[in-house]
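Enquirer:
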Amino acid sequence: MEASMSRSQLLSAPLQAVDALFDAWMAQHGPIPVREWGEREHFIKALGLEDEQAFAQIPCLNDQAVADSVAPFSLVRYRAMVQDIFEPEIFTACFEERDAGTTAAPKAPRLLNTKYREILEAAPGRELRCLNSDDGEVTSDGFGQRGACYCVPMPGESAWAQQAAARWSSPAPPAPAPGAP
């Protein structure tokens, strides 16, 4: 169950990898939605997140002058203090995407996961339906739960601490060639 994407692709379009991993899991284990399908382990391994220097190469929102300079839906870090932890958020975990009856060549229904999304749109000519439901209502096994935190920038963080964190995040300069002065 590997999503063959490069490191830069994983950073710029992580949801594509999540979708590919989910689709591979479903193809291998059947159409029963699960809460975990190896996505966390895949990202840890593929991005080398056990290594602090590899972790530092994930773009950090704190190092950006404007948050809009980071591409939407990309993988980022944010150095902050958790100010509040909200009640667990309950969400519809999976939807079935199926033909809306407007296409001449119908496609097979497909499960879509919303674990890492707030918004999910159907492809053109397709519609989204809740699982295990003919009337579109969500059943109890179609829910997931996630935590939501309110984070604020580090209070009182000095300029030198911000600069040190930015240096840690920036790519290391190339090592001199052997025998170079």
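Start counting the sequence shown at 1; every next residue gets the next number (UniProt numbering).
Cβ coordinates follow ideal geometry from the N, Cα and C atoms, glycine included.
(1) Would you list, in sequence order, the uninterrupted alpha helix (DSSP H) runs of no fewer than 4 residues that lie entirely inside the region 47-83?
(2) When the Cβ atoms of the region 7-15 are set against those of the region 74-85, are three or more pairs found closer than 8 Å?
(3) How big is the Cα-Cα spacing for GLN83 and ASP99?
(4) For PHE55 and LEU112, what's the separation of their Cα atoms in angstroms?
(5) Starting from ILE99, follow its DSSP beta bridges and name the residues at the other end.
(6) Look at the alpha carbon of LEU61 and the alpha carbon of ALA123, and state the distance between them as a whole number of angstroms.
(7) Work out the CA separation of SER8 and ALA159 for me, nearest whole Å.
(8) I think residue 227 touches THR114, with their Cβ atoms under 8 Å apart; what is that distance to the nearest whole Å?
(9) PHE22 by DSSP, collapsed to three states: which one?
(10) Starting from the Cα of LEU21, find the closest Cα among ASP63, CYS149 and GLU39 and give me that residue.
Expert: According to the data block:
(1) 52-56
(2) yes
(3) 44 Å
(4) 28 Å
(5) Strictly speaking, residue 99 in this sequence is Asp, with Ile absent from that position. ARG126.
(6) 31 Å
(7) 30 Å
(8) Lying outside 1 to 181, the shown extent of the chain, residue 227 is not represented and no answer is given.
(9) helix
(10) GLU39
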